[in-house]
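Q: Attaching a single structure in structure tokens format; questions to follow.
Numbering (my numbering), first residue to last: 69 to 403.
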């Protein structure tokens with residue numbers, strides 16, 4: 069079944085638990101709770117936050133109910149000014165172990181993605197995975213492992229990251245969390261590329277895309293395409309193909325609601341790729357490389373690369389895009 073991109077499986081687990089707890093509230097309050105998630109599913113996160121905020125004003129919420137609402141409300145602020153996020157997180161007082169797991173995940177996410185405090189992020193995600201495993205909440209355990217693996221990637225610990233992504237892959241398969249499998253393979257592929265195992269990395273990325281397509285996971289398809297674009301852009305300097313991946317990622321993102329920051333990042337990366345292509349001076353980068361060798365290496369890379377490239381439907385479309393890179397190489401070397 070396709071995932072809801074704005075609400076991954078571990079969050080859905082918390083929402084279901086909270087909904088059961090809130091079932092005794094008056095209907096207007098339950099309707100407001102449900103309406104907030106309708107806003108989230110359509111990527112209207114500020115509207116959702118306002119709904120949660122109004123709900124929190126009700127005196128009929130006990131401490132446990134209030135915390136459930138706060139934990140979902142603060143998720144809507146992931147792209148908000150960091151001081152606001154920290155203030156909201158500081159107000160949350162977990163009433164049980166499950167709520168503590170969710171709060172620790174929120175704190176770990178902030179440490180990794182907003183504050184770049186990677187050591188603190190590891191501590192929070194370790195607590196989440198250990199406590200989630202003890203409680204049998206596999207979704208949160210898998211989510212924490214995925215975030216911990218991403219943190220290791222940021223620290224250039226590629227082999228350790230790969231081990232964690234394989235754990236995510238295996239746990240997800242055994243427990244039916246389909247949407248995490250493409251992400252695990254994608255990050256594993258990225259780590260392999262960074263570790264110098266280019267062919268293995270590309271194979272994992274292609275497999276991730278194929279699985280996302282097979283399971284109709286549009287958000288995951290777009291994320292994999294964006295990752296491929298970044299690799300061809302920054303690691304391979306293959307700008308024409310990178311631009312094609314960026315464009316395919318953009319098209320796919322627009323088919324499904326996603327966080328606004330994800331679209332912003334894509335547009336920023338795409339604009340940077342256009343600038344670098346326009347300013348490319350291969351002669352200065354490569355130095356005295358024989359032109360025949362350069363052309364041969366280029367043609368070899370094309371032949372090796374044209375096998376099931378995700379998001380590119382036909383050879384003429386590929387040729388048109390990679391021609392940008394070829395023209396830039398020849399223009400700068402011959403000038």
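Just so you know, even glycine gets a beta-carbon here, dropped at the ideal spot from N, CA and C.
Source: prediction; values computed, not measured.
What residues in its chain sit with their C-beta under 8 Å from that of residue 292, if we drop five residues either side in the sequence?
A: Taken in chain order, the residues that qualify are 250, 254, 273, 276, 277, 280, 378.
Q: Do residue 180 and residue 219 come within 7 Å of each other at the CB atom, strictly closer than that value?
A: In this structure, residue 180 lies closer than 7 Å to residue 219 by Cβ.
Q: How would you call residue 230, buried or exposed, if buried means at least 16 neighbouring beta carbons within 10 angstroms?
A: Buried, because 16 or more other Cβ atoms sit within 10 Å of the Cβ of residue 230.
Q: Taking DSSP as the reference, what is the three-state secondary structure of residue 75?
A: Residue state, collapsed to three classes: strand.
Q: Determine, using beta-carbon pairs with one atom in the stretch 114 to 122 and one in the stretch 76 to 93, whether at least three such pairs fall under 8 Å.
A: No, they do not touch.
Q: Does DSSP classify residue 227 as helix, strand or coil?
A: In this structure, residue 227 counts as helix in the three-state DSSP scheme.
Q: What number of angstroms, rounded off, separates the C-alpha of residue 317 from the C-alpha of residue 157?
A: Distance between the alpha carbons of residue 317 and residue 157 is about 33 Å.
Q: In angstroms, rounded to a whole number, what distance separates the CA positions of residue 299 and residue 228?
A: Distance between the alpha carbons of residue 299 and residue 228: 20 Å.
Q: Starting from residue 175, follow the alpha helix (DSSP H) in both directions and report where the run begins and ends.
A: Segment 165 to 177, the alpha helix (DSSP H) holding residue 175.
Q: Nearest to residue 343 by CA position, among 94, 130, 321, 305, is which residue?
A: Cα-wise, what sits closest to residue 343 is 305.
Q: Roughly how many angstroms lie between the CA atoms of residue 189 and residue 172, to the nearest whole one?
A: Their backbone Cα atoms lie some 9 Å apart in a straight line.
Q: When DSSP labels each residue in this structure, what does residue 149 get in the three-state scheme?
A: Coil at residue 149, not helix or strand.
Q: Could you please give the first and the last residue of the uninterrupted alpha helix (DSSP H) stretch that includes residue 95?
A: Segment 95 to 109, the alpha helix (DSSP H) holding residue 95.
Q: Would you mind listing the alpha helix (DSSP H) stretches within the stretch 269 to 356 that are 4+ residues and don't spill past its ends, in chain order?
A: Correct list: 286 to 298, 307 to 321, 328 to 346, 350 to 354.
Q: For residue 246, is the classification buried or exposed, using 16 other Cβ atoms within 10 angstroms of its Cβ as the cut-off for buried?
A: So residue 246 counts as buried.
Q: Check each candidate in 330, 312, 307, 111 and name the one with the smallest Cα separation from residue 347.
A: That would be 307, whose Cα lies nearest to the Cα of residue 347.
Q: Return the CA-CA distance between residue 319 and residue 130, expressed in angstroms with no decimal places.
A: Between residue 319 and residue 130, the C-alpha separation is close to 44 Å.
Q: Is the beta carbon of residue 236 less than 7 Å from the beta carbon of residue 226?
A: Not in contact: residue 236 and residue 226 (Cβ atoms no closer than 7 Å).
Q: Residues in the same chain with beta-carbon distance under 6 Å from residue 283, minus the five sequence neighbours each way, listed in chain order, please.
A: Excluding sequence neighbours, residue 283 sits near 246.
Q: Taking 7 Å as the limit between beta carbons, can you name the residues of its chain near residue 331, skipping five residues before and five after?
A: Correct list, in chain order: 321.
Q: DSSP state of residue 358, grouped into three classes?
A: Reliability fails at residue 358, whose pLDDT of 48 lies under 50, so the model's placement of it is uncertain and no value is given.
Q: Starting from residue 210, trace the alpha helix (DSSP H) in both directions and tell me its first and last residue.
A: Per DSSP, residue 210 belongs to the alpha helix (DSSP H) from 206 to 222.
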